[in-house]
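Take 1 as the starting number for the sequence shown in the UniProt record's numbering and just add one per residue.
Virtual Cβ for every residue (Gly too), placed ideally from N, Cα, C.
Written out below as structure tokens is the structure these notes cover.
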Amino acid sequence: MFSLNRFAKSALIARSFFPRWHRKSWVSQYSTLVYNLFPTCSSCGVKLQNTDPKKEGYYQLPTTKPKLIREEDKVFDKYIKELSPEDRELLNVSDNVSKANEKPVKEKDGTNIQCIRCRSALYQSKFNWDEHPAETLDDVISSIPSHGNIVYLVNAMDFPFSLDSRIFQYRNAKDITFIITKCDLLYSSLSMNNKYGATFFRDYLWRKYNVDGSKVHAVSGLSDWNMEAILKEIPDNSYLIGSVNSGKSTLLKSLLYVSSKKDSKLISSDKRKALENVQDRAVNKGLPKNLYARQQRKASDRYKLLNGPGASHMPGFTRNHILYDFKGKTIFDVPGFSCDAQHGVYRYMSPENIKQISKGSLVPRNGMYNSPYETLKGEQVYTVGGIFYLETPSDTIFQVRKCINFERHVFSSMEKAMSVLQHIEDYPSLARVFAVDKSSLEGLRKFVVPPFYGSIDLVFQNVGHINITPTGKRITNDPLILYLPQNVRALARQPISKYLYKTLSGRDKNGNPLRKENWKSKSTAVLHRFTGSVPFTADLIPASSNDPYESINDYCAKVNPSLSYTRSTVLDESNRYKYWI
1 MFSLNRFAKS
11 ALIARSFFPR
21 WHRKSWVSQY
31 STLVYNLFPT
41 CSSCGVKLQN
51 TDPKKEGYYQ
61 LPTTKPKLIR
71 EEDKVFDKYI
81 KELSPEDREL
91 LNVSDNVSKA
101 NEKPVKEKDG
111 TNIQCIRCRS
121 ALYQSKFNWD
131 EHPAETLDDV
141 ISSIPSHGNI
151 VYLVNAMDFP
161 FSLDSRIFQY
171 RNAKDITFII
181 TKCDLLYSSL
191 SMNNKYGATF
201 FRDYLWRKYN
211 VDGSKVHAVS
221 GLSDWNMEAI
231 LKEIPDNSYL
241 IGSVNSGKST
251 LLKSLLYVSS
261 KKDSKLISSD
271 KRKALENVQD
281 RAVNKGLPKN
291 LYARQQRKAS
301 DRYKLLNGPG
311 ASHMPGFTRN
321 HILYDFKGKT
331 IFDVPGFSCD
341 AQHGVYRYMS
351 PENIKQISKG
361 SLVPRNGMYN
371 SPYETLKGEQ
381 VYTVGGIFYL
391 ETPSDTIFQV
401 RKCINFERHV
411 FSSMEKAMSV
421 LQHIEDYPSL
431 ARVFAVDKSS
441 LEGLRKFVVP
451 PFYGSIDLVF
461 QNVGHINITP
471 TGKRITNDPL
481 ILYLPQNVRA
491 LARQPISKYL
501 YKTLSGRDKN
511 GNPLRKENWK
521 SKSTAVLHRF
531 TGSVPFTADL
541 IPASSNDPYE
551 SINDYCAKVN
561 PSLSYTRSTV
571 LDESNRYKYW
581 I
């Protein structure tokens, strides 16, 4: 296998012997040459071989058998060939229409071949965890040459979990391009994303890490949002880094599709003709705007299916650098990294459940103040897929809205929830409730949610978030308790919706405060800008004892000995983030 360390040393030698104005172009050409010397898997990047099925990179040579053509296609082709060229043109069909009905096959030139391991994972859901080791940020950065430009992809679904601040130990903030991916989960339209989403993420990165706003982009690879601008802004010799399932492969597929519409050299004439036919039919039939967009989306999906890296929801899928050439601009797909060697919550899930959860949940539909909610009453336990268990104190009522793409369930107690999962074979109707297996209960950890006033989000890495809002008169001051499986990470966050959308201010048009029952009918809407003046997130508090108050005070004493929390403590607007550490 080609050694990346050897490549880095060669690049450093080039820097020593070539003038500065020649280095960039030479290194880019050298990178392209070296990465094309050996055929590699288009999905994971490992070196291909067809001699030993037990070793990595094994693939099967393309079959020499004649292509299968259905009997219906043969009959159709027969009558089509009897038509005149003018009639064929009217029907918008080619001389050999049966090609459109065949299953797509990989190119024979070795540029788009997948190894058996990748094909099994993509198409048969066969996945061996031992073959997908978790990379760390240190591992990924050490494999990138010092002259390489860093493009950091941050997942909007669990923001800011996928933003590892240690990246600034390796590169200056002004030298990194940030791309916020999966923004189609936050907005239903590109205009809203560009108006509000980009504003928030630029504010956040500027306030927290002094990142120039011009280097922050909010995109969607699935919906092709802002791809033309990204292709223009990404510098040559760039390396796409990000946590697992941050959307690197999807972004590359989208960039390839956008490039294909501008450059005919990137796709074959047959594929380009197919794309043009879809567009022509949409225009000539006078389809409404939404139907035309649907036709465009189908063309995009068809192209992405046959081109670019293999996109999988399984973690650790990419295992080596994969080079892509965009009209002379080289971009490398880099393995995703994880802070946990066990792949976090994914370790307890089947490939089907990982795929479902990774698709995410629409915040405009499920995470707003007027979205459907679940009511939790004292001492009930709320879970989504068994990924976490939220226990509410007695004599309290909470509204919970979930932005996680899996079913939720409410149990009467934590003991009941654990008993059901441990003996799930006795509860077949509840099997769909759990996305994790029984092993997730081994070493279950207990946390205390930091005391809060108003509404908060609980964010779960690679999963999504839930919004919690207390309602009614709160009789007790007891905090919420959260149980997490080993390696599952979570944190408390300000409601992200107030920075992404205009929300109710609680005041009328004259600035007078309103009673809560009048908010929906009389309150004005306002968009909050992130200023960094108060904590945006807070760590969960490890439960050091059965008394949550003692756990809070033990945790606070490590940071601020003057902090104390008792049953008589009152939280309001003035001290709502006092216990957020």
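Give me, in chain order, the residues of the same chain whose beta-carbon lies closer than 6 Å to that of residue i; leave out the 5 immediate sequence neighbours on both sides.
{"i": "proline 479", "result": "Val448, Val449, Pro451 and Pro548"}
{"i": "serine 98", "result": "Its pLDDT being 48, under 50, serine 98 is placed unreliably by the model, and the measurement read from it follows with that caveat. Cβ neighbours of serine 98 beyond the five flanking positions: Ile69, Asp73 and Asp77."}
{"i": "valine 433", "result": "Glu407 and His409"}
{"i": "lysine 578", "result": "none"}
{"i": "valine 345", "result": "Ile387 and Val488"}
{"i": "isoleucine 397", "result": "Lys377, Thr471 and Gly472"}
{"i": "threonine 177", "result": "Val151 and Lys215"}
By alpha-carbon positions, which one of the options ends up nearest to residue i?
{"i": "glycine 336", "options": "Met349, Ile322 and Tyr348", "result": "Ile322"}
{"i": "lysine 182", "options": "Ser223, Glu391 and Ile397", "result": "Ser223"}
{"i": "asparagine 510", "options": "Tyr501, Trp519, Thr524 and Lys502", "result": "Thr524"}
{"i": "aspartate 175", "options": "Pro235, Gly378 and Thr318", "result": "Pro235"}
{"i": "serine 413", "options": "Lys438, Ile481 and Arg202", "result": "Ile481"}
{"i": "aspartate 395", "options": "Gln380, Lys215, Glu89 and Gln486", "result": "Gln380"}
{"i": "proline 39", "options": "Asp572, Cys115, Phe161 and Gln356", "result": "Cys115"}
{"i": "alanine 156", "options": "Asp138, Gly221 and Tyr170", "result": "Gly221"}
{"i": "aspartate 437", "options": "Ile354, Arg365 and Leu91", "result": "Ile354"}
{"i": "serine 188", "options": "Leu362, Asn575, Ala435 and Gln461", "result": "Leu362"}
{"i": "serine 146", "options": "Cys118, Lys55, Ser238 and Glu233", "result": "Ser238"}
{"i": "lysine 253", "options": "Arg202, Arg294, Ile331 and Val211", "result": "Ile331"}
{"i": "serine 497", "options": "Val140, Asn370 and Val154", "result": "Asn370"}
{"i": "asparagine 575", "options": "Pro535, Ile141 and Met368", "result": "Pro535"}
{"i": "serine 162", "options": "Leu137, Tyr483, Glu374 and Pro53", "result": "Leu137"}
{"i": "tyrosine 170", "options": "Asn193, Ser143, Val154 and Ile180", "result": "Ser143"}
{"i": "residue 588", "options": "Thr177, Asn307 and Cys41", "result": "Only positions 1 to 581 of the chain appear in the structure, and residue 588 is not among them; the question remains open."}
Let's test the definition: count the other Cβ atoms within 10 Å of the Cβ of residue i and tell me whether it reaches 16, buried, or not, exposed.
{"i": "tyrosine 427", "result": "exposed"}
{"i": "aspartate 333", "result": "buried"}
{"i": "threonine 383", "result": "buried"}
{"i": "residue 600", "result": "Residue 600 falls outside the range modelled here, since the chain spans only 1 to 581, and no answer is possible."}
{"i": "lysine 446", "result": "buried"}
{"i": "asparagine 405", "result": "buried"}
{"i": "alanine 218", "result": "buried"}
{"i": "leucine 61", "result": "exposed"}
{"i": "serine 562", "result": "exposed"}
{"i": "proline 160", "result": "buried"}
{"i": "glutamate 517", "result": "exposed"}
{"i": "arginine 493", "result": "buried"}
{"i": "threonine 392", "result": "buried"}
{"i": "glycine 464", "result": "buried"}
{"i": "glycine 304", "result": "According to the sequence as given, residue 304 is lysine; it is not glycine. Answer is buried; the Cβ neighbour count reaches 16."}
{"i": "glutamate 135", "result": "buried"}
{"i": "glycine 140", "result": "Just to set this straight, residue 140 is valine in the shown sequence, not glycine. Classification for valine 140: buried."}
{"i": "leucine 83", "result": "exposed"}
Leaving out five residues on either side along the sequence, give the residues of the same chain with a beta carbon under 7 Å from the beta carbon of residue i.
{"i": "serine 300", "result": "Asp224 and Tyr257"}
{"i": "threonine 569", "result": "Asn477"}
{"i": "phenylalanine 200", "result": "Tyr499, Leu500 and Phe530"}
{"i": "proline 495", "result": "Ser455, Ile456, Asp457 and Asn467"}
{"i": "alanine 417", "result": "Val381, Thr383, Tyr389 and Phe411"}
{"i": "phenylalanine 168", "result": "Tyr209"}
{"i": "asparagine 553", "result": "Ser564 and Tyr565"}
{"i": "glycine 360", "result": "Met157, Lys182, Leu185, Asn405 and Gly464"}
{"i": "alanine 435", "result": "Met349, Asn353, Ile357, Gly385, Gly386, Ile387 and Phe406"}
{"i": "threonine 537", "result": "Pro160, Leu491, Ala492 and Arg493"}
{"i": "histidine 528", "result": "Lys498 and Tyr499"}
{"i": "glycine 506", "result": "Pro513, Leu514, Trp519 and Ser523"}
Residues bridged to residue i by DSSP?
{"i": "proline 542", "result": "Phe447"}
{"i": "leucine 240", "result": "Val151 and Asp333"}
{"i": "phenylalanine 201", "result": "BP columns for phenylalanine 201 are empty, so no partner."}
{"i": "alanine 431", "result": "Alanine 431 pairs with nothing; no bridge assigned."}
{"i": "valine 400", "result": "Glu374 and Ile468"}
{"i": "histidine 217", "result": "Ile179"}
{"i": "threonine 383", "result": "His409"}
{"i": "arginine 507", "result": "Pro513"}
{"i": "residue 652", "result": "Nothing can be reported for residue 652: it is not among the residues displayed for the chain, which extend from 1 to 581."}
{"i": "threonine 537", "result": "Arg493"}
Identify, in the order they occur along the chain, each residue of the same chain with its Cβ nearer than 8 Å to the Cβ of residue i, setting aside the five sequence neighbours on each side.
{"i": "leucine 441", "result": "Met418, Leu421, Gln422 and Pro485"}
{"i": "threonine 318", "result": "Ser43, Cys44, Gly45, Lys248, Ser249, Pro309, Asp333, Val334, Pro335 and Gly336"}
{"i": "glutamate 228", "result": "Val258"}
{"i": "proline 372", "result": "Asn366 and Arg401"}
Inset, instruction - Mind listing, in chain order, the continuous beta strand (DSSP E) runs of no fewer than 3 residues lying wholly within the segment 304 to 363? - result: 322 to 326 and 329 to 333
Inset, instruction - At 4 residues or longer, and completely inside the segment 38 to 86: list those alpha helix (DSSP H) runs for me, N to C. - result: 71 to 81
Inset, instruction - Jot down the residue ranges of each uninterrupted beta strand (DSSP E) in the segment 457 to 503, minimum 3 residues, whole runs only, in chain order. - result: 464 to 470, 481 to 484 and 490 to 493
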